[in-house]
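Note that the sequence shown covers residues 90 to 418 in the working numbering. The structure appears below as structure tokens.
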Amino acid sequence: METVVSGIRSTGHLHLGNYFGAIKNFVKMQHESNCYFFIADWHSLTTHPHPDDLHNNVKKVLSEYLACGIDPDVATIYVQSDIPEIAELYLLMNMNAYVGELERTTSFKDKIRKHPDNINAGLLSYPVLMAVDILIQKANKVPVGKDQDQNLEMARKFAKRFNNIYDVNLFPIPEAYGFKGEMVKIPGLDGSGKMGKSEGNGIYLFDEPKEIQKKVMRAVTDSGPTQMNQKMPESINNLFTLLDAVSTPDTVEYFKEKYNSCEIRYGDLKKQLAEDIINFTTPIRKRIIEINSNDEFLRRTVKIGAEKARENASKTLKEARKIIGFKSF
Ligand code: TRP
């Protein structure tokens with residue numbers, strides 16, 4: 090069976106874009122592959138989170154993923170910093186990662202531009218740590234978005250390089266896990282192409298119904314269609330994409346007909362959309378609250394996850410140490 094590894098950023102709440110873009114597929118994937126999901130809390134240190142926030146950020150994303158249906162009895166779910174083997178393999182792999190190639194990655198160059206006052210070494214070797222997350226579990230597949238393509242490419246490069254230097258086959262070369270047609274890109278409601286945290290247009294799974302209503306009612310529209318069956322502008326198309334994700338086919342059909350016959354009232358469409366989003370998110374929100382306050386469940390979940398992840402990771406690390414030439418006296 091294929092092994093899949095995915096790292097989860099421990100910053101911010103999950104929005105509908107995260108849900109329909111990835112998590113919904115993770116929930117399915119966990120039954121088809123040997124899945125390792127982990128919260129990348131070491132990675133989050135590059136931005137120097139306040140000590141009071143670090144733990145709660147991890148707890149928050151963990152609760153949200155579990156509430157969405159990631160099942161600790163099916164997948165291996167763990168916290169990165171619970172796996173010390175990752176830190177050691179990271180040290181070893183850093184020796185064969187070159188500053189020149191790390192400096193050339195677009196994400197590093199982006200960071201230099203955006204945060205010139207915090208260009209730390211952890212940021213530079215971020216792709217090495219990410220590669221180790223993947224390679225230490227000997228993953229074959231990594232489900233990542235477009236923005237992570239280059240990091241995955243680096244992981245492949247580091248894996249091949251290690252295998253070549255020592256003439257071994259320790260690391261499988263990881264590939265992108267393609268969700269193909271199943272991946273729905275959720276647009277923003279500000280007329281923009283994508284829902285995202287940095288875009289500031291997210292509808293979060295944790296949003297209160299009132300907040301969702303407010304966000305949906307504020308969505309950008311136009312003055313309405315003037316010709317039968319005319320092509321939808323992006324902002325209207327976006328509303329329909331969201332409706333498609335959370336409503337019944339009948340509802341979508343109803344509003345499409347209204348649009349095509351120029352009888353649509355955007356206020357009605359938005360009211361329906363808000364209601365259906367709320368119906369979709371409310372049970373998830375309740376589960377998030379429940380899980381987040383169940384410390385015993387969370388403790389057990391990360392403990393079992395760490396045990397499973399460490400068992401696999403320590404085997405790989407042991408092999409790597411031996412290959413490199415470490416021997417005990
Ligand atoms: N860099 C990824 C992101 O920002 C998170 C991540 C860390 C990751 N380690 C990983 C993703 C390993 C996949 C595999 O989204």
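Backbone N, C-alpha and C define an ideal beta-carbon position, used for all residues, glycine too.
- Give me whichever residues DSSP pairs with H104 in a beta bridge. Residue mapping note: residue 104 aligns to position 15 of the sequence shown, counting from 1. Answer by DSSP bridge pairing, in chain order: Y293.
- Within 6 Å of ligand 1: residues by beta-carbon to any heavy atom: V94, S95, G96, R98, A129, H132, M219, D222, I223, V231, V233, Q237 and N240
- Query: Is K200 buried or exposed, if buried means 16 or more other CB atoms sit within 10 Å of its CB?
  - Reply: As a position in the sequence shown, residue 200 is number 111, starting the count at 1. Buried, because 16 or more other Cβ atoms sit within 10 Å of the Cβ of K200.
- Task: State buried or exposed for N444, treating a residue as buried only when at least 16 other CB atoms are found within 10 Å of its CB.
- Result: Nothing about residue 444 can be read from this structure; the chain reaches only from 90 to 418.
- Item | 8 Å CB neighbourhood of Q169 in its chain, flanking five on each side removed | Position 80 of the sequence shown, counted from the start, is the residue given in the question as residue 169. The residues are G96, F127, I128, A129, D130, W131, H132, I175 and D222.
- Query: Taking the Cβ atom as the reference point for each residue, do Y343 and M321 lie within a distance shorter than 8 Å?
  - Reply: Translated into positions along the sequence shown, residue 343 becomes position 254. Translated into positions along the sequence shown, residue 321 becomes position 232. Against a cut-off of 8 Å, the Cβ pair of M321 and Y343 comes out as no contact.
- Message: Let me check understanding here. Comparing Cα to Cα, which of D384, I275, I301 and Q319 lies closest to D333?
- Response: By one-based count along the sequence shown, residue 333 stands at place 244. Answer by Cα proximity: I275.
- When the distance is taken between beta carbons, is T310 closer than 8 Å to Q239? Residue numbering aside, residue 239 sits at position 150 when the sequence shown is read from its first letter. Residue numbering aside, residue 310 sits at position 221 when the sequence shown is read from its first letter. No.
- Task: For S350, name the three-state secondary structure that DSSP assigns.
- Result: What you label residue 350 is simply residue 261 of the sequence shown in a count that begins at 1. If DSSP states are grouped into helix, strand and coil, S350 belongs with coil.
- Message: Less than 7 Å between C-beta atoms, sequence neighbours within five positions excluded: which residues of the same chain meet that for A308?
- Response: Translated into the one-based positions of the sequence shown, residue 308 becomes position 219. So the list reads L278, L328 and K359, once near-sequence residues are dropped.
- Query: In this structure, does DSSP put I275 in helix, strand or coil?
  - Reply: For the purposes of this step, residue 275 is identified with residue 186 of the sequence shown, where counting begins at 1. Coil.
- Query: Alpha carbon to alpha carbon, how far is T100 from K407?
  - Reply: Here residue 100 refers to the residue found at position 11 when the sequence shown is read from its first residue. Here residue 407 refers to the residue found at position 318 when the sequence shown is read from its first residue. Their backbone Cα atoms lie some 32 Å apart in a straight line.
- Cβ shell of Q361 (< 8 Å), same chain only, five flanking positions each side left out: Residue 361 sits at position 272 when you count from the first residue of the sequence shown. Counting only Cβ-Cβ distances below 8 Å, and skipping sequence neighbours, we find L332, S336, T340 and F344.
- Task: Helix, strand or coil for V309, going by three-state DSSP, please let me know.
- Result: Looking up residue 309 in the sequence shown gives position 220. V309 falls in the coil class under three-state DSSP.
- Message: I'd like to confirm the pairing. Which residues does DSSP put opposite I166 in its beta bridges?
- Response: By one-based count along the sequence shown, residue 166 stands at place 77. BP columns for I166 point to F126.
- Query: Does DSSP put T337 in a helix, in a strand, or in coil?
  - Reply: On the sequence shown, residue 337 is found 248 positions in, with the first residue counted as 1. Here T337 sits in coil by DSSP.
- How long is the line joining the alpha carbons of E400 and V305, rounded to whole angstroms? In the sequence shown, the residue the question calls residue 400 occupies position 311. In the sequence shown, the residue the question calls residue 305 occupies position 216. Rounded to the nearest angstrom, the two C-alpha atoms are 46 Å apart.
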